[in-house]
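Letter by letter, the sequence shown follows residues 0 to 302 of numbering that gives the first Met the number 0.
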Amino acid sequence: MRRLVAVVGPTAAGKSALALALAQRFGGEVVNADSRQIYRGMDIGTAKPSTATRALLPHHLYDIAEPGDAYSLALYRRDALAVLEGIWARGELAWLVGGTGQYVWALLEAWQVPDVAPRPDLRAELAAVAERDGPEALHARLRTVDAEAADRIDARNVRRVIRALEVHEVTGKPITDWQTKGVPDFDFRVLGVSCEEKELIWRINRRTEAMFASGLVEETQALLDAGVPPDASALSSIGCAEALRELQGEITRDKAIELTKRATKRLARRQRQWFRPQDPRVTWVEGADEAGEALGPFVAAGS
0 MRRLVAVVGP TAAGKSALAL ALAQRFGGEV VNADSRQIYR GMDIGTAKPS TATRALLPHH
60 LYDIAEPGDA YSLALYRRDA LAVLEGIWAR GELAWLVGGT GQYVWALLEA WQVPDVAPRP
120 DLRAELAAVA ERDGPEALHA RLRTVDAEAA DRIDARNVRR VIRALEVHEV TGKPITDWQT
180 KGVPDFDFRV LGVSCEEKEL IWRINRRTEA MFASGLVEET QALLDAGVPP DASALSSIGC
240 AEALRELQGE ITRDKAIELT KRATKRLARR QRQWFRPQDP RVTWVEGADE AGEALGPFVA
300 AGS
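Right, here's the structure in full:
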């Protein structure tokens with residue numbers, strides 16, 4: 000049977016650990032739905048499951064792109080669907096795990112995603128606007144052509160703002176108009192990893208400090224040494240961006256940690272827009288036992 004369980008929720012809530020525990024219990028293969036964990040050489044900065052963890056059972060769509068590559072939603076959907084077909088052909092259950100809402104819903108809602116090639120000239124022009132007038136000015140420009148996208152994209156995420164404007168410029172349609180929904184040709188369930196606000200903040204703070212202590216700055220320097228340009232999309236990732244600023248002498252280590260914590264908390268708030276508590280499709284759970292109980296009938300039906 001063609002079945003999929005998506006494990007979603009805010010960053011640092013414990014999605015990867017829960018998905019692994021469930022996959023080991025019920026069987027199946029894990030598919031990444033985190034837009035940063037696709038990149039090679041970015042293990043610490045993206046909190047990627049370790050090599051040892053990924054050796055426990057099949058994991059897909061990790062380390063599939065170079066940090067200097069342009070990797071779009073359209074490419075992700077194409078690659079993910081190909082991986083899923085392979086999993087189902089083997090008679091396995093697919094576990095989709097990650098906090099990138101666009102990736103998750105593009106699969107579960109069968110979005111029709113525009114395959115618009117990057118326009119370096121346009122991107123440079125828009126980046127210059129953000130540099131000259133500030134990210135808020137570019138975000139305001141997006142709001143005039145796609146208010147829905149502007150509501151979902153943080154003004155500080157200049158890369159995503161530019162991409163939305165690029166799609167509008169090339170196609171004449173807002174990116175949200177392209178993201179029309181369909182009906183997927185597989186059965187799915189969505190588990191949301193619940194975490195109280197105070198606990199989540201503590202986890203974010205602890206994980207951020209651990210990342211820097213484990214060598215995030217050194218990992219970022221290694222990417223630069225390997226020829227990844229400082230303005231590469233991958234290096235705009237939370238944590239990497241702050242580590243880069245430290246390397247460039249703009250901020251201290253303490254400031255980099257502080258800014259990373261702030262940015263991660265903003266990300267967690269934005270992720271809640273993609274995975275809302277009131278969404279009837281999402282079953283919110285606090286641990287593996289509760290998740291297993293919720294999934295029991297679905298898993299049994301496919302046996």
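Think of the CB as a built atom: it goes at the ideal place given N, C-alpha and C, for glycine as much as any other residue.
C-beta atoms of Val182 and Ala109 nearer than 9 angstroms: One-based indexing of the sequence shown puts residue 182 at position 183. One-based indexing of the sequence shown puts residue 109 at position 110. Yes, the pair counts as a contact, with Cβ atoms nearer than the cut-off.
Whether Val189 touches Ala5 by CB criterion (9 angstroms): Indexing the sequence shown from 1 puts residue 189 at position 190. Indexing the sequence shown from 1 puts residue 5 at position 6. Cβ distance < 9 angstroms, so Val189 and Ala5 count as in contact.
Beta-carbon proximity check, Pro57 vs Glu84, cutoff 9 angstroms: Counting from 1 along the sequence shown, the entry for residue 57 is found at position 58. Counting from 1 along the sequence shown, the entry for residue 84 is found at position 85. Going by C-beta atoms, Pro57 is not nearer than 9 angstroms to Glu84.
The segment 3–22 touching the segment 93–104, judged by at least three CB pairs closer than 8 angstroms: A contact exists between the segment 3–22 and the segment 93–104.
Member of Leu60, Ala231, Leu19, Ser49 whose CA lies at the smallest distance from the CA of Asp33: Taking the first residue of the sequence shown as position 1, residue 33 is located at position 34. Comparing alpha carbon positions, the residue from Leu60, Ala231, Leu19, Ser49 closest to Asp33 is Leu60.
Leu222 - DSSP class collapsed to helix/strand/coil: Residue mapping note: residue 222 aligns to position 223 of the sequence shown, counting from 1. In the structure shown, Leu222 sits in a helix (DSSP, three-state: H, G or I).
Touch test, the segment 285–294 against the segment 185–204, Cβ-Cβ under 8 angstroms, three pairs minimum: Because the criterion of three Cβ pairs below 8 angstroms is met, the segment 285–294 and the segment 185–204 touch.
Buried or exposed (CB count within 10 angstroms, at least 16 for buried), Thr45: In the sequence shown, counting from the first residue as 1, residue 45 sits at position 46. With 16 or more Cβ atoms within 10 Å of its Cβ, Thr45 is classed as buried.
Distance between Leu121 and Lys260 (C-alpha atoms, nearest Å): Taking the sequence shown and counting its residues from 1, one reaches residue 260 at position 261. Taking the sequence shown and counting its residues from 1, one reaches residue 121 at position 122. Each residue's alpha carbon lies about 32 angstroms from the other.
Cα-Cα separation between Gly171 and Ala163, rounded to whole angstroms: The residue labelled residue 171 in the question sits at position 172 within the sequence shown. The residue labelled residue 163 in the question sits at position 164 within the sequence shown. Taking the straight line joining both Cα atoms gives about 11 angstroms.
Exposure of Asp186, with buried meaning 16 or more beta-carbon neighbours within 10 Å: For the purposes of this step, residue 186 is identified with residue 187 of the sequence shown, where counting begins at 1. Counting Cβ neighbours within 10 Å, Asp186 comes out exposed, since fewer than 16 surround it.
Contact belief for Thr175 with Ala148 at Cβ below 8 angstroms, rounded distance in angstroms: As a first step, residue 175 is located in the sequence shown; it is residue number 176 there, counting from the start. As a first step, residue 148 is located in the sequence shown; it is residue number 149 there, counting from the start. Taking 8 angstroms as the upper bound for CB-CB distance, Thr175 and Ala148 are in contact here, some 5 angstroms apart.
Close Cβ partners of Leu294 (< 8 angstroms) along its chain, the five nearest in sequence each way excluded: Here residue 294 is taken as the residue at index 295 of the sequence shown, counted from 1. The answer, listed in chain order, is Val4, Leu21, Phe25, Arg188, Leu190.
First through last residue of the beta strand (DSSP E) which encompasses Asp186: Taking the sequence shown and counting its residues from 1, one reaches residue 186 at position 187. Start and end: 186–192.
Bridge partner(s) assigned by DSSP for Ala64: Locating residue 64 in the sequence shown gives position 65, where the first residue counts as 1. Secondary-structure assignment with DSSP links Ala64 through a beta bridge to Tyr38.
Endpoints, the beta strand (DSSP E) within which Trp283 is located: Start at 1 with the first residue of the sequence shown, and residue 283 comes out as number 284. Here the beta strand (DSSP E) through Trp283 covers 281–284.
Beta-carbon gap between Leu222 and Cys239 smaller than 9 angstroms: One-based indexing of the sequence shown puts residue 222 at position 223. One-based indexing of the sequence shown puts residue 239 at position 240. A contact, by the Cβ cut-off of 9 angstroms.
Limits of the alpha helix (DSSP H) - the one that Glu168 falls within: Taking the first residue of the sequence shown as position 1, residue 168 is located at position 169. Annotation for Glu168: the continuous alpha helix (DSSP H) segment containing it runs 157–170.
Spatially closest choice to Gly8 from Phe297, Ala299, Val298, Asp278, by CA coordinates: In the sequence shown, counting from the first residue as 1, residue 8 sits at position 9. Checking every option, the nearest Cα to that of Gly8 belongs to Asp278.
The segment 208–215 / the segment 134–146 touching (three or more Cβ pairs under 8 angstroms): Too few Cβ pairs lie closer than 8 angstroms, so no.
Distance, Ile86 Cα to Leu92 Cα: Numbered from its first residue, the sequence shown carries residue 92 at position 93. Numbered from its first residue, the sequence shown carries residue 86 at position 87. Rounded to whole angstroms, Leu92 to Ile86 spans 7 angstroms at the Cα level.
For Glu292, the three-state DSSP class (helix, strand or coil): Taking the first residue of the sequence shown as 1, we reach residue 292 at position 293. DSSP places Glu292 in helix when its eight states are reduced to three.
Alpha helix (DSSP H) runs wholly inside the segment 197–252, at least 4 long, in chain order: Complete alpha helix (DSSP H) runs here, min 4: 215–224, 239–246.
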